[in-house]
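Residue numbering for the first sequence follows our numbering, starting at 14 and increasing by one per position.
Don't be surprised by glycine CBs; every beta carbon is placed ideally from N, CA and C.
Bear in mind the structure is a predicted one, so any value in this text is a computation, not a measurement.
Only one structure is covered here, and it is reproduced in the block below.
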Amino acid sequence: MTNLPKIYTPQEIEGKWYQLWQKNGYFHAEATSDKPPYAIVIPPPNITGSLHIGHALDNTLQDCLIRWRRMQGYNTLWMPGTDHAGIVTEIIMERQLAEEGISRTDLGREKFIERMWQWKDESAGYIVSQLQQLGCSCDWERERFTLDEGLSKAVRTAFVKLYNQGLIYRDTYMGNWCPHCNTVISNLEVEPIEIDGNFYHIRYPVKDSDVVLEIATTRPETMLGDTAVAVHPEDERYQHLIGKTALLPLCDREIPIIADIYVDREFGTGALKVTPAHDTNDYEIGLRHDLEQRTIFTPDGYINENAPDNYIGLPQSDCRKRVVEDLQNLDYLVKIVPHRHAVGHHDRCSTVVEPAISPQWFMNVRPLAQRAIEATKKGEVKFIPERETSRFYHWMENIEPWPISRQRWWGHRLPIWYCNACEAVTAAMETPQECECGASDFRQEEDVLDTWFSSGLWPFSTMGWPENTEELKTFYPTSVLVSGWDILFFWVARMIMLGLGCRDEVPFRTVYLHGLVADEKGQKMSKSKGNSIDPLETIDTYGTDAFRFALVNASTPNPYVSLPESQIEAGRRFANKIWNAARFILMNLEKHPVPTRMDAVEAGLPSLYKQETLEIAWIRSRLSHTITTTTDAFENFRFHEAAQTLYAFLWHEFCDWYLEFAKQRVSQNEPEALWVAADVLEQTMRLLHPLMPFLTEEIWQQLPHGGSRSESSEKGSVTVSSWPEPIGGNPAAEATMATLMEVIESVRSIRGELNVPIGASVEVHIQSPNAEVRERLEAYLAQYLPAFTKVANITIAESLSKPRASAEAVIGELAIYIPLADIIDLDAEHARLSKRHQQAVKDVMAAQKTLDNPNFIQRAPEKVVAQKRAQLERMLMEQEKLARSLAMLTESEKED
RNA sequence: GGGCGGGUAGCUCAGGUGGCUAGAGCGACAGCCUUACAAGCUGUAGGUCACAGGUUCAAGUCCUGUCCCGCCUACCA
14 MTNLPKIYTP
24 QEIEGKWYQL
34 WQKNGYFHAE
44 ATSDKPPYAI
54 VIPPPNITGS
64 LHIGHALDNT
74 LQDCLIRWRR
84 MQGYNTLWMP
94 GTDHAGIVTE
104 IIMERQLAEE
114 GISRTDLGRE
124 KFIERMWQWK
134 DESAGYIVSQ
144 LQQLGCSCDW
154 ERERFTLDEG
164 LSKAVRTAFV
174 KLYNQGLIYR
184 DTYMGNWCPH
194 CNTVISNLEV
204 EPIEIDGNFY
214 HIRYPVKDSD
224 VVLEIATTRP
234 ETMLGDTAVA
244 VHPEDERYQH
254 LIGKTALLPL
264 CDREIPIIAD
274 IYVDREFGTG
284 ALKVTPAHDT
294 NDYEIGLRHD
304 LEQRTIFTPD
314 GYINENAPDN
324 YIGLPQSDCR
334 KRVVEDLQNL
344 DYLVKIVPHR
354 HAVGHHDRCS
364 TVVEPAISPQ
374 WFMNVRPLAQ
384 RAIEATKKGE
394 VKFIPERETS
404 RFYHWMENIE
414 PWPISRQRWW
424 GHRLPIWYCN
434 ACEAVTAAME
444 TPQECECGAS
454 DFRQEEDVLD
464 TWFSSGLWPF
474 STMGWPENTE
484 ELKTFYPTSV
494 LVSGWDILFF
504 WVARMIMLGL
514 GCRDEVPFRT
524 VYLHGLVADE
534 KGQKMSKSKG
544 NSIDPLETID
554 TYGTDAFRFA
564 LVNASTPNPY
574 VSLPESQIEA
584 GRRFANKIWN
594 AARFILMNLE
604 KHPVPTRMDA
614 VEAGLPSLYK
624 QETLEIAWIR
634 SRLSHTITTT
644 TDAFENFRFH
654 EAAQTLYAFL
664 WHEFCDWYLE
674 FAKQRVSQNE
684 PEALWVAADV
694 LEQTMRLLHP
704 LMPFLTEEIW
714 QQLPHGGSRS
724 ESSEKGSVTV
734 SSWPEPIGGN
744 PAAEATMATL
754 MEVIESVRSI
764 RGELNVPIGA
774 SVEVHIQSPN
784 AEVRERLEAY
794 LAQYLPAFTK
804 VANITIAESL
814 SKPRASAEAV
824 IGELAIYIPL
834 ADIIDLDAEH
844 ARLSKRHQQA
854 VKDVMAAQKT
864 LDNPNFIQRA
874 PEKVVAQKRA
884 QLERMLMEQE
894 KLARSLAMLT
904 ESEKED
C-alpha cells in the first residue's frame, strides 16, 4: 500500500530534488552541441541582496522558458550571476558602518573596498541559494559577478573601445548631484516626487531707482548664488529695467537685469532670479549671457564660502530658514504662497537632488541609440508586449548623453590615466608605460563607472568577451531577455546599445517585459515601501510550487499584476489536488500494475489497451488539445494562459470527470482506464513541470513512465524528459461526451434544486427523436451515469409520455424526466422550469432577431449563418418543450 | 503639456486578428465527511462589459468624444 499522506506537504519533497538535478548536471549547457541553442542571461541581482517578489516573478518566468525549451531538446543556457550594484550596496554598507560609529571617509578608500569584498564574500551565497530554493535551473558552473576579473576586463575593453571611437569624453556640465552620496547621477536615477512647498516672493531693489523687482522662487536660499535677474525681452512691464542693475538682498552684490526668452511672462511675477550654478535652466541662461556660475554649496550639501559669512557652514535646509527669516526682518519678503511641485530625489537614498556643475565622464549614446532604433525596426530585436516598442523608440530618439562616472569607490575605476607631468589623458587597459611628453608617472582616474555600464555588457561579458569564445559563437545573440518594464531604459536599452557598440550585434532577439507585482492599492510592491510579499515566507507557508503557480497564473499582459494571498492559496489547493489525484492513481496501480511491454507481447496484445473506450478517447483528445494550447502559450509568452489551461484540464476535466469514470471501470475490473489515467497524468506532469518543478518531479518519479516510451525511461528526471506531443483531437468522442455530460449535469441539477435526498435513487427517462443519439446514450449512459449520481433505472425512447409528478430538463431535442412522486415540490419545479423558460424565450428572440435580418444572411460568412440557424433551432425546441411542460404543470396543479 | 495602460460578477482578473448563450479563481448562498482530496464534492445566485455617439449584417472587442484611475515623460522658476 502506498503510504502517501493525504495532504501535500511541499517541505518534505522540495528539498531533495534540486540536489539531484544539480548532481546530474541537468542545468549545464555545452558550449558546443548539435542541439539548437537557447540562451537567457539572468538579470543579475545584487550580490548582497535577498530575493524579493520582483525577482521571484522574473526568475520563475525565466525558469519556465528554460525548462520548457530544455524538454523540447534545446541546448539551454541560463547564465546566472550577480551584480556589484554600486551605489545601493555602498549605501547599505555605510549604514552598517554608521552603527559602528564610523564613516566611509574615516575608513578610506582601500579599507572601505576591503570591507565591501569581505561583506560580498560573506553574503554572496545567500541570493544564489534563494534562487535555488525557487527552483531556478541556472547553469551554476558558469556563475559570474560583475567585478570578477573576466568581467572587469570586458569593462575596460569596452570603455577603451568606445573612447577610441570618440563616444566617451570628459565635460564640465550641470548634472544631478546627490549631496548624500556625494556623486553625480543620471537623469534616470532621479525620481520626481510631488511635495508641498512654497513660493517665496522676494523684492530685489533696482539700483539708482525707487523701483523694486519682485521675483518668485521655491528655493530662496539659492539667491545667495544669484548672478542675474531675467525678464522676458518683450515684457512691457519691465522694458525700462532691462540692462539696469539689481541689488541682491542679504549679499550686498550687484547683479544685472537681463532679457531672455526663456522667462514665462505669465508665470509667477514674470521676473526670474538666475542661479547658473544651481539650476538647469539658469545654467543655460547663464551660458547665453556669460554669467558667473557662483557655486554656494559644498558637495555634501553645506553652504560654502561664496555665500555671506553668516551663512557659511549651514546645512542647506537650515540656510533656507535663515534666509527667509532675514528677508522678512529686512522687509524683502513679500509673501509666501503654498505651492505643490515635483522635486527630484535620488532613487537610491531619497535625498533631494541638487543640480550642480562638475567635471564628469560622459558617453555620447546618440549614435548607438540610432543604431538600436534601426536594428529594432529591422526586426533584429522584438519587444513583447508590443507597446513597449514605442516607449523604447521614444526614449531612444530623445536620449541625452549618459554621465558614466560616479564619485564612488565600489565599482570599476575608469581605465583613464592622467600624466602627472603634462596632464595628458590616456585610456588604456593597463597603466601606460610612457607619456608622449616622456614622463612615466601616471595616476588613474579616481571615479568609478555607473553600475549600469558593466550590467550593460552582461550578455556578452559573461560569455568571455572580448575573447571570441565558443560560448559567444553558440549562444550570442541570446534568445530572450526577461525583465520588468521598469528597467527598460536603465538596463535593456543600454545592453542593446553596448551590444551594438562592442559587438555590432544586438544582445538578444526577444525582450519579454513582464508586469510588476502590485499590492491591493495598485502600488508596485517594493521593500522600501513595506508593502511587499516576502517570497521566502510565502514559500515556507505555501510551498515553492504553489507560489510559482500563483506567479505564473498572475502574469497577465497587464503592466501591473496583482497577487492577492488568495491566489497563492489557490496554488496550494491546486498542488494538493494534483497530489491526491496522483495518490489515487498510484494506490490503484498497486492492485492493477501497468503491464510491461514484455507482458503485452506475451499476451499477444497489439497494444497495451484492449480497446479505446469513449472516456479514454475523450481524455486523450482533451490532453492533446491541452498540449497544443500550453505549447502555444509558451511560444507566445502567454504565461497565464499556460497556467489556466493546465489548471482547467487537470482539475475540471481529468479529476472531475475522467477519474470518476476510471473509478467505476476499475471497480468493474477494467484497469485500462486506470493505466490511461497514469499515462495522462504522466504527460500532464511534464507539461506542468516548468511551472511546478518539484511536485511534478515527485509524482513523475513514482508514476510508471516506461511503457512504450522507452526514451523517457532511460532518463532519470522529468527535467530532462521530452515535451509531450499532441496526438490530435477526436471531435466525435468530444461531442458524444459533451452530450453525456449535459445529461449528467441536468440530472444533478434537478436533484440539487429539488432537494432530492442524497441517498435516494432516481429513475431517468430520456426522450429523443434521433435514433443515433438514442443509440449512443443507450451505449454509454448506463455505464457513466451511476458514477455521478444515484440512478435506479434508465429508460431511453423515441417518444414517451412525461411520467406524473416528474421533474424535467431539456437539452436541445432531448427531454429528461425524473419521476419524483413522493418528494417533488411542484411549486419549486414550476419556479425552476419557469426561470429556464424565460431565459429560453430571451435567447430565442435574440437569435431570431439576428436571423430575421436579410443583411445578416447575405453578408455574414456561411459558417456563421449555419451556426446561428442550428443554435436557433435548438433553442426553439428547448423553449417549446419548456412551455409545454409548464402548461402541463399548471394544469396538474389545478387538478390537485 | 505630451505619451501609454486601465475601467467586465461583491473582490482579483481572463476575454490575440469583431461572430459559440461574456468566463475563471476567491467570496456568497444551499446541500453533502460519496473509501484520491473538507486545502474536497454537488448545486445556485450574481454582469446595461465606465458613459455617449459612430463604423458594421454583427461591437466587451474597431473609431471618435466625455468622465474617472494608474503609470511614464517634460525646463514652468
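- [ ] Evaluate Ile274 with the Cβ neighbour count: other Cβ atoms within 10 Å of its Cβ, from every protein chain shown; 16 or more gives buried, anything less gives exposed.
- [x] Exposed, because fewer than 16 other Cβ atoms sit within 10 Å of the Cβ of Ile274.
Task: Neighbour-count burial assignment, Met705, 16 or more Cβ in a 10 Å radius - done: Met705 should be labelled buried.
Task: Run of the alpha helix (DSSP H) containing Met106, from where it starts to where it stops - done: Unbroken alpha helix (DSSP H) run through Met106: 99-112.
Task: Cβ neighbour criterion (16 or more within 10 Å) applied to Tyr182 - done: Classification for Tyr182: exposed.
TODO: Output the boundary residues of the alpha helix (DSSP H) element that contains Glu755.
DONE: Taken as a continuous stretch (DSSP letters only), the alpha helix (DSSP H) holding Glu755 covers 744-766.
TODO: Name the two residues that bound the continuous beta strand (DSSP E) containing Lys395.
DONE: Its beta strand (DSSP E) spans residues 395-397.
Task: Cα-Cα separation between Glu401 and Leu501, rounded to whole angstroms - done: So the alpha carbons of these two residues sit roughly 9 Å apart.
- [ ] Assign Ile632 to one of three DSSP states: helix, strand, or coil.
- [x] In the structure shown, Ile632 sits in a helix (DSSP, three-state: H, G or I).
Open item on the list: Between which residues of its own chain and His302 is the CB-CB distance below 6 Å, once the five residues before and five after are set aside?
Closed with: By the criterion of a C-beta distance shorter than 6 Å, His302 is surrounded in its chain by Ile271, once the five residues flanking it on both sides are discounted.
- [ ] Within the same chain, show all residues whose beta-carbon is closer than 7 Å to that of Tyr139, passing over the 5 residues directly before and after it, in chain order.
- [x] Taken in chain order, the residues that qualify are Ser63.
- [ ] For the beta strand (DSSP E) holding Asn88, just list the boundary residues, first then last.
- [x] Judged by DSSP secondary structure, Asn88 falls within the beta strand (DSSP E) whose first and last residues are 88-92.
Open item on the list: Could you compute how far the alpha carbon of Leu700 sits from the alpha carbon of Ile740?
Closed with: Between the alpha carbons of Leu700 and Ile740 lies a gap of roughly 14 Å.
Open item on the list: Which residue marks the beginning of the beta strand (DSSP E) containing Lys348, and which one marks its end?
Closed with: In the DSSP annotation of this structure, the continuous segment of the beta strand (DSSP E) that includes Lys348 starts and ends at 346-359.
Open item on the list: On a Cα-Cα basis, can you pick out the residue from Cys194, Thr185, Pro520, Asn319 that is closest to Gln373?
Closed with: Gln373 has its Cα closest to that of Thr185, out of Cys194, Thr185, Pro520, Asn319.
Open item on the list: Tell me which residue opens and which closes the alpha helix (DSSP H) that Asp119 is part of.
Closed with: Secondary structure note for Asp119: its alpha helix (DSSP H) is the uninterrupted segment 117-120.
Open item on the list: Out of Pro548, Val244, Lys220, which one is the CA nearest neighbour of Phe280?
Closed with: Out of Pro548, Val244, Lys220, Val244 has the C-alpha closest to the C-alpha of Phe280.
Open item on the list: Taking contact to mean 3 or more Cβ pairs, one atom from each stretch, closer than 8 Å, check whether the segment 466-477 and the segment 503-516 are in contact.
Closed with: Touching, yes, given that three or more Cβ pairs across the two stretches are closer than 8 Å.
Open item on the list: Within a Cβ cutoff of 6 Å, which residues of the same chain sit near Thr642, ignoring the five residues on either side of it in sequence?
Closed with: Answer for Thr642: Thr658, listed in chain order.
Open item on the list: Let's see if you can read the secondary structure: which residues bound the beta strand (DSSP E) around Thr230?
Closed with: Per DSSP, Thr230 belongs to the beta strand (DSSP E) from 225-230.
TODO: Along the beta strand (DSSP E) that carries Phe587, what are the first and last residues, could you check?
DONE: Segment 578-604 is the alpha helix (DSSP H) holding Phe587; no beta strand (DSSP E) there.
Open item on the list: Once the 5 residues before and after Thr802 are set aside, which same chain residues still bring their CB inside 8 Å of it?
Closed with: Within its own chain, the residues whose Cβ lies closer than 8 Å to the Cβ of Thr802, once the five positions on either side in sequence are excluded, are Ile757, Val760, Arg761, Arg764, Val775, listed in chain order.
TODO: Verify whether the separation of the beta carbon atoms of His653 and Thr554 is less than 8 Å.
DONE: Taking 8 Å as the Cβ cut-off, His653 and Thr554 do not qualify as a contacting pair.
Task: Whole-angstrom distance between Glu826 and His869, CA atom to CA atom - done: Just to set this straight, residue 869 is Phe in the shown sequence, not His. Taking the straight line joining both Cα atoms gives about 26 Å.
Task: At least 3 beta-carbon pairs within less than 8 Å: the segment 313-324 vs the segment 58-77 - done: Verdict: no, contact absent.
Task: Closest by C-alpha distance to His354, when choosing among Arg232, Pro380, Gly514 - done: Measuring from the Cα of His354, the nearest candidate turns out to be Arg232.
- [ ] Name the two residues that bound the continuous beta strand (DSSP E) containing Tyr213.
- [x] 203-218 is the span of the beta strand (DSSP E), which, as asked, contains Tyr213.
Open item on the list: Going by DSSP in three states, Thr73 sits in which element: helix, strand or coil?
Closed with: Of the three classes helix, strand and coil, the one that applies to Thr73 here is helix, per DSSP.
Open item on the list: Just to confirm, is the Cβ distance from Tyr213 to Val337 under 8 Å?
Closed with: In this structure, Tyr213 lies near Val337, with their beta-carbon atoms less than 8 Å apart.
Task: Close beta carbons around Trp504, own chain, < 8 Å, minus the five adjacent residues each side - done: Cβ within range, chain order: Pro56, Trp465, Ser468, Gly469, Ser496.
Task: Contacting residues, own chain, Cβ-Cβ under 7 Å from Asn195 (five flanking each side not counted) - done: If we look at Asn195 and ignore the five residues flanking it on each side, its Cβ neighbours are Pro312, Asp313, Gln420.
TODO: For the beta strand (DSSP E) containing Leu529, list its first residue and its last residue.
DONE: For Leu529, the enclosing beta strand (DSSP E) begins and ends at 529-531.
- [ ] Give the range of the alpha helix (DSSP H) segment to which Ser474 is assigned.
- [x] Unbroken alpha helix (DSSP H) run through Ser474: 471-474.
- [ ] State the start and end residues of the unbroken alpha helix (DSSP H) segment that holds Arg789.
- [x] Counting along the chain, the alpha helix (DSSP H) containing Arg789 begins and ends at 784-797.
Task: Residues of its chain near Ala630, where Cβ-Cβ distance is below 6 Å and the 5 sequence neighbours each way are ignored - done: Cβ neighbours of Ala630 within its own chain (closer than 6 Å, five residues either side excluded): Asn743, Ala746.
Task: Beta-carbon proximity list for Leu687, same chain, < 8 Å, skipping 5 on both sides - done: Excluding positions up to five away in sequence, the list reads Ile598, Asn601, Leu602, His605, Ala675, Arg678, Val679.
Open item on the list: Could you check whether Leu902 and Glu842 sit closer than 8 Å to each other, using their CB atoms as the reference points?
Closed with: Yes; because the gap between Cβ atoms is below 8 Å, this pair is in contact.
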